[in-house]
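Quick look at the structure:
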């Protein structure tokens, strides 16, 4: 048997030999140790127990190894009151023979209790936020929209029915469509490798830049990296937001943005529909409405000159891991002058200084005076430079060595995010939108900080990506595999004659429980 092929039995009554089974198990162990990474190919899903689960990238590795081709059948059922149910059937076929190997079903519904209900608090009739608290008796009692929780400060007397008649506690979610907040397909999303990709072209597994969902005690949020989860597309009512700097973005009403209000500390997540309501109520005067912006989108420069500059950066450039600054070192010659002119022609403001330390001088291995060229503008301009010119060596350093969790969105200085003022917002009708989520809960859309479609109730997150995932593994993937002793002495599995196989990748989402079509022994039968 070819070690890279799943054993396919032509005779339905014939079983695999013990040696065949052990060989396949050993191959999976080799893949786990040599290829798979925890957190990328397998890991613990928050809110789903402590056992590691095989994730979509890991399932794709195994499908490629055993030459399996998945096919998906998606059944969507629209229920009453805006609720929805998904059922996804994954069928695995052997590529070489077309033989059916296994089948699994994943399903999820917003009628489940953890999605259907929410904990309700009294909502302020003025600002429409759940920030109502009981006023202290020494200050007159009654009810107060607490400003420190983001409220407007309005007050009501004790017994006022506008407050006390509202339902509190466990209530049914009045808008299940909140689970499907989305952006239009042309909206550009920032990836970890500093490209802006249209939402319609994002694939599950793409690494995206986002921010922390919750603020720190200092009202700040750090940057994070999350994996994209694409749920598909649908038709919905769309709003268009126009900003002072000329940016335009479209989303449905339930999509949430990170909003900064003048006079209040910190930021909060506010839906497009709520922003539209507030601005309309103020007769089109949105002076207090700002959405946090990490940066403005850029495009990749594919000119010959940009390729030349990228080569210079890879040869004599550097990327600091603490300050995150792109630098270029060279003697005072035509190469330095051309680099400076090339950067300034692309809108960068250059700085030039003499190299003095041994580390700085060693980069050019020269006894003559060496100069260091950098750019102003802080963290955003460093990202734009890397994403615009794309020097391969420095980009690789960015992806593997730069810890974005140490970078804050808010704060002071040129490296901090800035709010973008909403100039106009209007409802423009029904359009196609992309249902996009991330494992970190957020992403950057057109440079603006946006929330994704991952369901969140209270402090627990219910991963929609747990709806659909086609794999042939058990829930406790790592434990099952590592519990199996290696009976046959191991040698590296190599098959240099096997050509790469294109594995069909269809639905880019994953079920909470793994497909159970292929039995995986939990213990060695001997």
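Residue numbers (the working numbering): 255 to 780.
Ideal Cβ placement from N, Cα and C applies to all residues, glycine included.
Just so we're clear, the structure is a prediction, and the values are computed from it rather than from any experiment.
Counting along the chain, where does the beta strand (DSSP E) carrying residue i start and finish?
i	result
residue 510	510-515
residue 390	Where residue 390 is concerned, there is no enclosing beta strand (DSSP E), given that its DSSP letter is neither H nor E.
residue 687	672-692
residue 463	461-465
residue 246	Outside the displayed range of the chain (255 to 780) lies residue 246, so it cannot be described from this structure.
residue 698	696-699
residue 545	543-547
residue 572	571-573
residue 605	604-608
residue 399	397-399
With DSSP collapsed to three states, give me the class of residue i.
i	result
residue 319	helix
residue 503	strand
residue 741	Residue placement at residue 741 is poorly supported in this model, since its pLDDT is 37, which falls under 50; the coordinates still yield a value, given next. If DSSP states are grouped into helix, strand and coil, residue 741 belongs with coil.
residue 760	Residue placement at residue 760 cannot be trusted, given a pLDDT of 35 that sits under 50; what the coordinates show is reported in the next sentence. Here residue 760 sits in coil by DSSP.
residue 448	coil
residue 327	strand
residue 360	strand
residue 710	Here residue 710 scores only 35 on pLDDT, less than 50, and its place in the model is too uncertain to base an answer on.
residue 476	strand
residue 585	strand
residue 566	helix
residue 637	helix
residue 481	strand
residue 705	strand
residue 299	coil
residue 592	helix
residue 632	helix
residue 486	strand
residue 409	strand
residue 455	helix
residue 553	coil
residue 495	strand
residue 443	strand
residue 658	helix
Which first and last residues belong to the alpha helix (DSSP H) in which residue i is found?
i	result
residue 338	Element bounds for residue 338: not the alpha helix (DSSP H) but the beta strand (DSSP E), 338-348.
residue 353	It is not in any alpha helix (DSSP H) - residue 353 carries neither H nor E in the DSSP assignment.
residue 274	272-288
residue 532	526-535
residue 629	Counting along the chain, residue 629 falls outside any alpha helix (DSSP H), though it belongs to the beta strand (DSSP E) covering 624-629.
residue 418	415-418
Are residue i and residue j touching if we call contact CB-CB under 8 Å?
i	j	result
residue 584	residue 624	yes
residue 343	residue 327	yes
residue 465	residue 696	yes
residue 699	residue 437	yes
residue 679	residue 495	yes
residue 596	residue 581	no
residue 599	residue 476	no
residue 663	residue 548	yes
residue 605	residue 638	no
residue 542	residue 526	no
residue 405	residue 377	no
residue 459	residue 324	no
residue 297	residue 309	yes
residue 322	residue 346	yes
residue 399	residue 418	no
residue 484	residue 506	no
residue 337	residue 375	no
residue 790	residue 635	No information on residue 790 is available, as it lies outside the stretch 255 to 780 that the chain covers here.
residue 385	residue 469	no
residue 269	residue 489	no
State the CB to CB distance for the pair residue i and residue j, rounded to an integer number of angstroms; the pair is presumed to be in contact (CB under 8 Å).
i	j	result
residue 573	residue 652	6 Å
residue 626	residue 607	5 Å
residue 676	residue 545	7 Å
residue 655	residue 649	Residue 655 to residue 649, Cβ: 11 Å. No contact.
residue 441	residue 453	5 Å
residue 397	residue 407	Actually they are not in contact, since the Cβ atoms of residue 397 and residue 407 sit about 12 Å apart, beyond 8 Å.
residue 633	residue 592	With 8 Å as the limit, residue 633 and residue 592 do not qualify as a contact, their Cβ atoms being about 26 Å apart.
residue 439	residue 686	6 Å
residue 361	residue 340	6 Å
residue 319	residue 272	With 8 Å as the limit, residue 319 and residue 272 do not qualify as a contact, their Cβ atoms being about 21 Å apart.
residue 511	residue 704	6 Å
Examine the ligand MG and report whether any of its heavy atoms sits within less than 7 Å of the Cβ of residue i.
i	result
residue 590	For the ligand MG, the structure offers nothing, since it holds no ligand at all.
Q.
Three or more C-beta pairs under 8 Å: does that hold for the stretch 321-335 against the stretch 296-310?
A. Segments in contact, no.
Q. On the three-pair Cβ rule with 8 Å, is the stretch 472-481 touching the stretch 689-702?
A. Short answer: they touch.
Q) Counting pairs of beta carbons, one from the stretch 556-568 and one from the stretch 642-662, are three or more of them closer than 8 Å? A) Counting Cβ pairs under 8 Å, three or more are found: they touch.
Q) Just checking, does the stretch 441-460 make contact with the stretch 408-415 on the three C-beta pairs under 8 Å criterion? A) Below 8 Å, too few C-beta pairs join the stretch 441-460 and the stretch 408-415 to call them touching: fewer than three.
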